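With the working numbering applied, the sequence shown corresponds to residues -19 to 80, in that order.
Glycine included, C-beta positions come from ideal geometry on N, C-alpha and C.
Because the structure is a prediction, the values reported are computed rather than measured.
A short worksheet on the structure shown next.
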Amino acid sequence: MIIDFDAELWLWAARRGDSWTFVSLPAETSEEIRELTAGTRRGFGSVRVQATIGASSWTTSIFPDSAKGCYVLPVKRAIRVAEDLHQGDLVAVTVELIAS
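In structure tokens:
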């Protein structure tokens, strides 16, 4: 499953000092991922993915966020620096699920 979407970069309120930055996957897509991965998720309900923003690609995991009702993708500092991204920026994201 490959998902293309646009999302705003946001900072995790619980760890603002550490600048944990995320984008939220669309709610409808998150529901499809839940159905596809039922019973095969990893720790914390995570799902392995290949993510791409701009010219940068990396392997990571998406995590369910019960408060937002969707999966969230962490965007590490190296990607934000390489792509000159900042909190509040709207970014084009591609996420591809990886078989565990």
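Query raised in the report: Helix, strand or coil for I13 per DSSP?
Result: Looking at I13 - three-state DSSP - the assignment turns out to be helix.
Query raised in the report: Bridge partners of E(-12), per DSSP?
Result: When DSSP reads this structure, E(-12) sits in a beta bridge with L70.
Query raised in the report: If we call anything under 9 Å between Cβ atoms a contact, is R14 one with P54?
Result: No.
Query raised in the report: Under a Cβ-count criterion, where at least 16 other Cβ atoms within 10 Å of its own Cβ denotes burial, should I81 be classed as buried or exposed?
Result: Absent from the structure is residue 81, since the part of the chain shown begins at -19 and ends at 80.
Query raised in the report: Given that a residue counts as buried once 16 or more other Cβ atoms are within 10 Å of its Cβ, and exposed if not, what is F2?
Result: Buried, because 16 or more other Cβ atoms sit within 10 Å of the Cβ of F2.
**Report entry** Under the three-state DSSP convention, the category I59 falls into
**Finding:** Reduced to three states, the DSSP call for I59 is helix.
Query raised in the report: Taking Cβ to Cβ, would you say V73 is nearer than 9 Å to A31?
Result: Yes, they are a contact pair.
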